[in-house]
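So for the sequence shown, this note's numbering puts the first residue at 1; every next one is plus one.
Ideal Cβ placement from N, Cα and C applies to all residues, glycine included.
Heads up: the structure comes next, in structure tokens.
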Amino acid sequence: MTLATHIVIAGAITRPIAGAHPALLFLVALASHFLADVIPHWDYDVRSIPDEHKKSPDEIRFNFSDSIFWKDVSRFGIDAAIGFGILLFFMWPESWPALLKVFLISAGSVLPDFLKGVYFTRKAEFLKPIQRFHDYI
1 MTLATHIVIA
11 GAITRPIAGA
21 HPALLFLVAL
31 ASHFLADVIP
41 HWDYDVRSIP
51 DEHKKSPDEI
61 RFNFSDSIFW
71 KDVSRFGIDA
81 AIGFGILLFF
91 MWPESWPALL
101 KVFLISAGSV
111 LPDFLKGVYF
121 TRKAEFLKPI
131 QRFHDYI
């Protein structure tokens with residue numbers, strides 16, 4: 001699922017409780033990511049991962065000097081920016097605290113995918129349980 005989709009879904013789910021504590025909005029947005037991932041969907045291709053490694057994620061090694069890697073990173077950034085822009089359009093914040101809430105909703109909704117990237121680029125073993133849960137969902 002695209003990052004923009006996760007952000008918009010989290011915005012829709014948190015809209016009725018927009019006045020709640022920012023931490024609650026973040027946690028609800030985080031949970032919405034996993035709920036949305038239960039729905040069958042497509043993910044766009046990460047071109048910087050060779051096809052032979054896509055079946056065995058533990059063998060993924062990223063080449064940070066490769067232009068394809070940075071094109072993928074740019075695509076992810078544009079995707080997230082589009083989602084954040086849509087969320088800003090529908091939940092236009094009237095104050096700095098409200099803008100913080102919109103940012104936390106966006107961040108919470110894409111955090112699992114961000115951590116997936118950290119896990120695969122840095123082989124951060126402490127993230128393995130989160131990654132297993134994310135893959136399970």
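Residues near residue i in its chain [Cβ-Cβ closer than 8 Å; skip 5 each side]
| i | result |
| --- | --- |
| Ala80 | Leu3, Ala4, Ile7, Ser106, Val110 |
| Ile130 | Pro112, Leu115, Tyr119 |
| Phe26 | Leu104, Ile105, Ala107, Gly108 |
| Leu24 | Ile17 |
Extent of the continuous alpha helix (DSSP H) run through residue i
| i | result |
| --- | --- |
| Pro93 | Run containing Pro93: none; DSSP gives neither H nor E here. |
| Asp37 | 22-38 |
| Ile130 | 128-136 |
Three-state secondary structure (DSSP) of residue i
| i | result |
| --- | --- |
| Lys123 | coil |
| Tyr44 | coil |
| Gly117 | helix |
| Thr14 | helix |
| Asp66 | coil |
Candidates the options, of which the one nearest residue i by Cα
| i | options | result |
| --- | --- | --- |
| Gly19 | Ser67, Pro93, Val38, His33 | Pro93 |
| Asp44 | Val73, Ser67, His21 | First, the amino acid is wrong: residue 44 is Tyr here, not Asp. Taking only the C-alpha atoms, the option nearest Tyr44 is Val73. |
| Ala29 | Ser48, Ala12, Ser65 | Ala12 |
Cut-off 7 Å between Cβ atoms - residues of its own chain near residue i, not counting five sequence neighbours on either side
| i | result |
| --- | --- |
| Val46 | Asp72 |
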